[in-house]
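See below for the structure under consideration.
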Amino acid sequence: MVTDIHDTTFNNYKAVLVKGTQYAHGATFAKEILMFGDADKTIMVASACPETDKALMALLQKSAFSVQYDENQQAKPEDAVAFSIDTTGTNFILEPNMNGILSYKLKGEPDRANVMFMAAGSVATVFAEDKKAYTLTRLKKLPGHENDKIISCVPVKIDGLPGYEVVATQQLASKAVNEKILLVMLYSTENGYYYMIAGIAKKDVEKHMDTFKKMSRTFKRKKT
């Protein structure tokens, strides 16, 4: 929920600071997004912390306003995450963002409206005893997937991490086709963090679902 929108300037750009709150994982988080740029580009710097920790949010806001934007630097999103996905043999290409998520789209497609694939790590620890139930709950919390019909939910183990692979579908109101989603949740047995891999297809569904499964199996954590 947005609570405040404030116009400002940043790095000689017009900017907007958006403040709000979000309820997730049984707690309310305060969120701030600093957006700046011009007619050709928009850069976003996002911060989040427990709503009750006002001091931490003040520090996060100070950090956000300390960001230096280098327009000549080439974004390498794979450097911003602690894992990798191999797209060899597919038509998926990595999108140039640095938000801690690997996001892919099909070559030649102008956007991700029909087909998309992404992988991300959690920002908070989750010690769920029933990981199958948590995986299904996490699916239902994805925007637009609250009423998905579960087709399958099977245990998997990828890069040594246990988890579950869910395939679900929903009937699109505007078209006589079914949208399918593949959701893979992998759980760390050490620190309570998890990894989420998801692919959504609205066309050539079965072909893309096979590709999603193939790509999800290539998930690999980087050695530290």
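If you want this note's numbering, it's the position in the sequence shown, counting the first as 1, plus 119.
Beta carbons: idealized from backbone N, C-alpha and C, even for Gly.
Rounded to whole angstroms, what's the CA-CA distance from D198 to F338? Just pull it up for me. Spanning the two alpha carbons is a distance of roughly 15 Å.
Which of helix, strand or coil does DSSP assign to R336? In the three-state DSSP reduction, R336 falls in the coil class, being neither helix nor strand.
Would you tell me roughly how many angstroms separate the C-alpha atoms of I124 and V137, rounded to the nearest one? So the alpha carbons of these two residues sit roughly 5 Å apart.
Kindly indicate which residue of S271, T256 and V273 has the alpha-carbon position closest to the one of E265. It is T256 whose Cα lies nearest to the Cα of E265.
Close-in-space but distant-in-sequence residues of the same chain around T330 (CB under 6 Å, 5 per side omitted): The residues are T209.
According to DSSP, is M91 helix, strand or coil? A question about residue 91 goes unanswered here, because the residues of the chain that appear run from 120 up to 343.
Quick one: using the 10 Å Cβ neighbour count with 16 as the cut-off for buried, is F246 buried or exposed? Exposed, because fewer than 16 other Cβ atoms sit within 10 Å of the Cβ of F246.
So for K326, helix, strand or coil by DSSP? Reduced to three states, the DSSP call for K326 is helix.
Considering only C-alpha positions, which residue in the set V200, V234 and A232 is nearest to L221? The option with the nearest alpha carbon to L221 is V200.
Between I269 and A252, how many whole angstroms is the CB-CB distance? I'm expecting something under 8 Å. Not confirmed; about 12 Å, so no contact.
Using only the alpha-carbon positions, how far apart do T127 and A177 sit? Their backbone Cα atoms lie some 17 Å apart in a straight line.
Just mark E309 as buried or exposed, buried being the case when its beta carbon has 16 or more other beta carbons within 10 Å. Looking at its Cβ environment, which holds fewer than 16 other Cβ atoms inside 10 Å, E309 is exposed.
Can you give, in chain order, each stretch of the alpha helix (DSSP H) that sits fully within the stretch 167–245 and has at least 4 residues? Counting whole runs of 4 or more residues, the stretch 167–245 contains the alpha helix (DSSP H) stretches 173–183.
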